[in-house]
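Colleague: Numbered by the UniProt record's numbering, the letters in the sequence shown go through residues 1 to 204 in order.
Where is the CB? At the ideal position from N, CA and C, for every residue including glycine.
Remember, predicted model here, so these are calculated numbers, not experimental data.
So that we are looking at the same thing, I have put the structure below in structure tokens.
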Amino acid sequence: MEMKIAKNGCSYPAIEIKKKTGNEQFLNAGGDVCTLRDFWAWAYSDLIGNTERGRLAEFIVAMALGITEGISVSWDKYDLLSKEGIRIEVKTSAYLQSWSQQNLSKISFGIQPTYGWDSIANEYDTEQKRQSDVYVFCVLKHIDQATLNPLDLSQWEFYVLSTATLNKAVLGQKTISLNKLLNIGAKKCEYAKLYETIKSEGTR
């Protein structure tokens, strides 16, 4: 079998991932009839925990930007790319967690600069930096366990800040509190104003 060599010299170029419907079935499973949707429900139903809540927040921002027709790319330098070409990093935090708590969690976000992955050159960048044009900090603000629903967008609030402003205020800092974000100029908005606020901050 002839092996194709990609332009970056890799024997195995990046695999083109096609968007699934959820109806795809597991094959060769005997009498077990399970679909990809069954797997999604099994693996990703905890929308309150840190891992899945983070992906959910990315999707919510993608909804606001009107860019949900594609798929998420886990190895990109940033989380989302708007239709205008604005590179967006999405961070999330919440007062309530899916595990037992003595107190509500404090709101903070990871903002550590990174070495971006260059998928064309198949290597990491040599400069450590924040890769996006704008950050969107998503807070699941609801504090009543009985009515908590991460799919209810009224239970979220969003804070948008240009990366340039973040770098100027806290260049090498790894985490940041909500109060600090407000002090350095993060713009608070509801979901309906999110797209407009991202465009405003992302083009500064």
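Cβ of residue 107 within 9 Å of Cβ of residue 191?
Modeller: To locate residue 107, count along the sequence shown from 1; it is residue 107. To locate residue 191, count along the sequence shown from 1; it is residue 191. Result no, Cβ atoms of residue 107 and residue 191 do not sit closer than 9 Å.
Colleague: So the beta strand (DSSP E) residue 135 belongs to, where does it begin and stop?
Modeller: Mapped onto the sequence shown, residue 135 falls at position 135. Here the beta strand (DSSP E) through residue 135 covers 134 to 140.
Colleague: Under three-state DSSP, which class holds residue 158?
Modeller: On the sequence shown, position 158 is the one that residue 158 refers to. Strand, per DSSP.
Colleague: Less than 9 Å between the C-beta atoms of residue 67 and residue 77, yes or no?
Modeller: Indexing the sequence shown from 1 puts residue 67 at position 67. Indexing the sequence shown from 1 puts residue 77 at position 77. In this structure, residue 77 does not lie closer than 9 Å to residue 67 by Cβ.
Colleague: Check this for me: beta carbons of residue 177 and residue 187, under 9 Å apart or not?
Modeller: As a working mapping, residue 177 is identified with position 177 in the sequence shown. As a working mapping, residue 187 is identified with position 187 in the sequence shown. No; because the gap between Cβ atoms is not below 9 Å, this pair is not in contact.
Colleague: From the DSSP output, which residues share a beta bridge with residue 109?
Modeller: For the purposes of this step, residue 109 is taken as the residue at position 109 of the sequence shown. DSSP links residue 109 through a beta bridge to 176.
Colleague: To the nearest angstrom, how far is it from the Cα of residue 150 to the Cα of residue 46?
Modeller: For the purposes of this step, residue 150 is taken as the residue at position 150 of the sequence shown. For the purposes of this step, residue 46 is taken as the residue at position 46 of the sequence shown. Using only the alpha carbons, I get a separation of about 10 Å.
Colleague: Start and end of the alpha helix (DSSP H) containing residue 61?
Modeller: By 1-based counting over the sequence shown, the position of residue 61 is 61. Counting along the chain, the alpha helix (DSSP H) containing residue 61 begins and ends at 50 to 65.
Colleague: Buried or exposed: where does residue 33 fall if 16 or more other Cβ atoms within 10 Å of its Cβ makes it buried?
Modeller: Locating residue 33 in the sequence shown gives position 33, where the first residue counts as 1. That one is exposed.
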